[in-house]
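Shown next, in structure tokens, is the structure this report addresses.
Protein chains: 2
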Amino acid sequence: MGTKDVNIQNRDKEKLSIVKIGGNIVDNPEELDKFLTDFNKLEGLKILIHGGGKVASKMSEQLGIETKKVDGRRITDAETLKLVTMVYAGLINKNIVASLQKLGCNSIGLSGADANTIPSVRRSPKPVDFGFVGDPDPKKVNKSFISLLVENDIIPVFCAITHDGDGTLLNTNADTIAYTVATALSEKYKTVLYYCFEKEGVLMDVNDPVSLIERINLEEYDKLIQQGVIADGMIPKLYNSFNAISQGVSEVKILHAKNLLTGRGTVLN
Amino acid sequence: MGTKDVNIQNRDKEKLSIVKIGGNIVDNPEELDKFLTDFNKLEGLKILIHGGGKVASKMSEQLGIETKKVDGRRITDAETLKLVTMVYAGLINKNIVASLQKLGCNSIGLSGADANTIPSVRRSPKPVDFGFVGDPDPKKVNKSFISLLVENDIIPVFCAITHDGDGTLLNTNADTIAYTVATALSEKYKTVLYYCFEKEGVLMDVNDPVSLIERINLEEYDKLIQQGVIADGMIPKLYNSFNAISQGVSEVKILHAKNLLTGRGTVLN
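Chains as they are written, first to last, in my numbering: chain Y, 5 to 273; chain P, 5 to 273.
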């Protein structure tokens with residue numbers, strides 16, 4: 005299905021915003037409060053997805069759990085899984101929900117196991133065994149339940165924990181959860197995916213906030229990669245974004261968390 | 005409203021089982037698995053409420069959080085609140101949900117903050133300041149949302165964390181949560197409250213499982229207290245139970261977790 009066909013289909017659908025915030029906001033209580041106040045003001049149907057932050061790493065040290073890495077990438081062993089389940093699904097998730105309730109925003113905290121919202125598949129141990137890490141499939145998302153919530157004005161707040169349906173919880177990348185939920189729900193809604201982070205958006209010069217690129221399409225994206233403008237952590241974010249767009253998501257915005265309401269940032273479509 | 009009127013009203017309502025399990029089952033993976041298998045087989049609409057267990061105390065020691073007590077009763081200070089939020093709402097709650105999903109039981113883990121299901125009031129600091137402890141009011145329970153879940157065949161699994169609606173999570177007694185939810189929902193359903201624990205029920209002789217008292221009504225309860233048969237931890241459990249019954253709950257069963265399906269235990273009504 006081409007972009008044009010998708011756009012025609014999207015015309016009559018209700019808008020649904022899927023907003024992802026990273027760990028750096030979660031780590032800063034003042035910034036988090038400010039962000040949640042803005043999120044509460046965002047009009048229309050919406051879903052929040054949050055990353056983990058440094059709380060888990062700090063607690064890991066306190067508990068003497070050794071952080072295992074392969075090729076610089078973290079491994080989720082059994083002890084680490086327990087820890088991230090406690091911190092992401094318990095501490096962070098429930099505090100965000102309580103803060104939103106204070107603002108009058110009726111939210112509900114969810115892992116992917118809850119109501120089987122986001123089942124995932126444990127990643128193959130080859131070539132690298134990342135441990136209890138799961139990759140979700142947009143086709144398996146419990147769309148009807150998530151729709152039931154948003155249409156009853158209850159805002160889902162997802163942490164980055166999923167499950168394999170066989171009794172095991174799995175650590176999952178929060179960007180991937182956002183992409184998965186947005187893609188799954190784009191059949192029914194005009195979905196807009198917001199990746200909120202600590203920069204203004206995609207920058208021509210990573211050290212210069214004024215060098216913001218306001219809009220990128222797939223063709224320009226290929227060029228920017230060739231030119232080396234898009235590099236490091238931005239590559240998987242944009243790869244996921246264009247993947248989401250090709251699967252029906254209307255628009256992806258990459259922006260600073262403080263700009264959620266103005267929408268100023270980089271628009272991908 | 006007398007017991008007779010309540011019974012007449014209950015005749016046409018659909019049955020809803022509210023099952024509470026204590027920390028001792030949560031602490032034992034094999035017993036927990038066996039219990040969840042039985043719970044899955046329990047027919048009709050149902051809700052699970054779980055206590056905390058020893059995981060929080062163990063982790064508290066590991067993290068060097070000092071357990072504060074007044075008159076032998078634990079105080080929930082800010083650090084302890086973080087810990088129980090992680091362990092109850094994160095680790096235990098999500099693992100129970102994942103285990104139920106494995107059994108094909110579509111469950112959803114909730115704290116009282118989620119969808120504002122169980123708001124509570126922080127307990128007065130006088131005469132004793134218990135810290136971040138909340139007492140819920142059955143009248144404030146979000147009955148419509150809990151009904152929406154159970155009627156969509158999604159089983160709520162509550163941990164013993166609530167919130168004050170002003171951004172603060174509160175540690176709450178799991179027996180009280182069970183009583184509160186059962187009472188709140190008895191307007192709409194014929195509610196049966198199961199308190200599952202490690203004894204056969206109310207015993208004439210606490211050391212003799214054969215001395216089970218099969219049925220107690222309010223009059224007999226008063227006599228048994230006078231005789232000293234009901235003592236210690238059993239007093240608040242039975243007090244809550246008869247309170248629940250006077251507020252519309254059809255029946256309360258106090259029984260060993262292994263007897264959930266046979267129903268063998270003490271019936272209060």
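Ideal Cβ positions, reconstructed from N, Cα and C, are used throughout, including at glycine.
**Message:** Suppose the cutoff is 6 angstroms on Cβ atoms and the five residues either side in sequence are ignored; what does the same chain contact list for Gly-26/P look like?
**Reply:** Taking the first residue of the second sequence as position 1, residue 26/P is located at position 22. Within the same chain, Gly-26/P has close Cβ partners Gly-55, Phe-201.
**Asked** Which one or two residues does DSSP pair with Phe-162/P in a beta bridge?
**Response** Taking the second sequence and counting its residues from 1, one reaches residue 162/P at position 158. Paired residues: Ile-53/P, Leu-114/P.
**Message:** Using C-beta distances below 8 angstroms, list every residue in its chain close to Phe-136/P, excluding the 5 sequence neighbours before and after it, in chain order.
**Reply:** To locate residue 136/P, count along the second sequence from 1; it is residue 132. Excluding positions up to five away in sequence, the list reads Thr-80, Asp-81, Ala-82, Thr-84, Leu-85, Arg-126, Thr-172, Leu-173, Leu-174, Asn-175.
**Prompt:** Whose C-beta lies closer than 6 angstroms to the C-beta of Leu-153/P among residues of the same chain, with five residues either side of it excluded?
**Reply:** Along the second sequence, read from residue 1 onward, the residue named residue 153/P stands at position 149. Result list for Leu-153/P: Pro-160, in chain order.
**Asked** Counting contacts by CB-CB distance shorter than 8 angstroms, is Thr-313/P in contact with chain Y?
**Response** Any answer about residue 313/P is impossible in this case: the structure gives chain P only from 5 up to 273.
**Request:** State yes or no: is the beta carbon of Ile-158/P nearer than 8 angstroms to at least one beta carbon in chain Y?
**Result:** Your numbering for residue 158/P matches position 154 in the second sequence. Closer than 8 angstroms: yes.
**Asked** Does the Cβ of Thr-166/Y have 16 or more other Cβ atoms within 10 Å, making it buried, or fewer, making it exposed?
**Response** Taking the first residue of the first sequence as position 1, residue 166/Y is located at position 162. The residue is buried, with at least 16 neighbouring Cβ atoms inside 10 Å.
**Prompt:** Exposed or buried, what is Leu-104/P when buried is set at 16 or more other beta-carbons lying within 10 Å of its beta-carbon?
**Reply:** As a position in the second sequence, residue 104/P is number 100, starting the count at 1. The residue is buried, with at least 16 neighbouring Cβ atoms inside 10 Å.
**Request:** Answer yes or no: does any C-beta atom of chain P fall closer than 8 angstroms to that of Val-91/Y?
**Result:** Start at 1 with the first residue of the first sequence, and residue 91/Y comes out as number 87. Closer than 8 angstroms: yes.
**Request:** Express the C-alpha separation of Ser-61/Y and Val-101/Y in angstroms, rounding to a whole number.
**Result:** Stepping through the first sequence from its first residue, residue 101/Y is reached at position 97. Stepping through the first sequence from its first residue, residue 61/Y is reached at position 57. Rounded to whole angstroms, Val-101/Y to Ser-61/Y spans 22 angstroms at the Cα level.
**Request:** Quick one: grab the DSSP three-state call for Asn-263/Y.
**Result:** For the purposes of this step, residue 263/Y is identified with residue 259 of the first sequence, where counting begins at 1. DSSP places Asn-263/Y in helix when its eight states are reduced to three.
**Message:** For Asp-209/Y and Phe-43/P, I'd like the C-alpha separation in whole angstroms.
**Reply:** The residue you call residue 209/Y lines up with position 205 of the first sequence. The residue you call residue 43/P lines up with position 39 of the second sequence. Using only the alpha carbons, I get a separation of about 58 angstroms.
**Item:** Residue interval of the beta strand (DSSP E) (run including Asp-139/P)
**Value:** Your numbering for residue 139/P matches position 135 in the second sequence. 138-140 is the extent of the beta strand (DSSP E) around Asp-139/P.
**Item:** Through-space distance from Val-196/Y to Met-5/P, alpha-carbon basis
**Value:** Position 1 of the second sequence, counted from the first residue, corresponds to residue 5/P. Position 192 of the first sequence, counted from the first residue, corresponds to residue 196/Y. With a pLDDT of 44 at Met-5/P, under the threshold of 50, the modelled position of that residue is not reliable, and no figure is offered here.
**Request:** Starting from the C-beta of Pro-288/Y, find all residues in its chain whose C-beta is less than 6 angstroms away, skip the five residues before and the five after it, and write them out in chain order.
**Result:** Any question about residue 288/Y goes unanswered here, given that chain Y covers just 5 to 273.
**Request:** Go to Tyr-225/Y, then tell me how far its alpha helix (DSSP H) extends in each direction, as first and last residue.
**Result:** Locating residue 225/Y in the first sequence gives position 221, counting from the first residue. Looking at the DSSP string, the run of the alpha helix (DSSP H) that includes Tyr-225/Y is 222-230.
**Message:** With DSSP as the reference, identify every bridge partner of Gly-207/P, one or two as the case may be.
**Reply:** Against the second sequence, residue 207/P aligns to sequence position 203. Looking at the sequence itself, residue 207/P is Leu, so the reference to Gly does not match. Beta-bridge pairing links Leu-207/P to Leu-216/P.
**Asked** Using a Cβ cut-off of 7 angstroms, which residues of the segment 63-94 of chain Y contact any Cβ in chain P, in chain order?
**Response** Gln-66, Leu-67, Lys-86, Thr-89, Met-90, Val-91, Ala-93, Gly-94
**Where Asn-2/Y falls: helix, strand or coil (DSSP)** = The displayed coordinates of chain Y run from 5 to 273. Any statement about residue 2/Y would go beyond what the structure contains.
**Prompt:** In chain order, what residues of the same chain lie with their CB nearer than 6 angstroms to the CB of Lys-262/P, ignoring the 5 residues before and after it?
**Reply:** As a working mapping, residue 262/P is identified with position 258 in the second sequence. Here the set comprises nothing.
**Item:** Beta-carbon neighbours of Ala-102/P, restricted to chain Y and to distances below 7 angstroms
**Value:** Here residue 102/P is taken as the residue at index 98 of the second sequence, counted from 1. The contacting residues are Ala-117, His-167, Gly-171, Thr-172, Leu-173.
**Neighbour-count burial assignment, Leu-265/Y, 16 or more Cβ in a 10 Å radius** = Locating residue 265/Y in the first sequence gives position 261, where the first residue counts as 1. It is exposed - the Cβ of Leu-265/Y has fewer than 16 other Cβ atoms within 10 Å.
**Message:** At the 8 angstroms Cβ level, is Gly-113/Y part of the contact set with chain P, yes or no?
**Reply:** In the first sequence, residue 113/Y corresponds to position 109, counting from 1. Yes, because at least one Cβ of chain P sits closer than 8 angstroms to the Cβ of Gly-113/Y.
**Opposing strand residues paired with Lys-73/P [DSSP bridges]** = On the second sequence, position 69 is the one that residue 73/P refers to. Lys-73/P pairs with Arg-78/P.
**Request:** Would you check if the segment 44-54 of chain Y and the segment 104-116 of chain Y touch, i.e. whether three or more CB-CB distances between them fall below 8 angstroms?
**Result:** yes
**Message:** Taking the alpha helix (DSSP H) that Ser-250/Y belongs to, which residues open and close that run?
**Reply:** For the purposes of this step, residue 250/Y is taken as residue 246 along the first sequence, with counting starting at 1. Counting along the chain, the alpha helix (DSSP H) containing Ser-250/Y begins and ends at 238-250.
**Prompt:** Just the Cα atoms here: how many angstroms apart are Glu-191/Y and Gly-252/Y?
**Reply:** Along the first sequence, one-based indexing puts residue 191/Y at 187. Along the first sequence, one-based indexing puts residue 252/Y at 248. Answer to the nearest angstrom: the Cα atoms are 7 angstroms apart.
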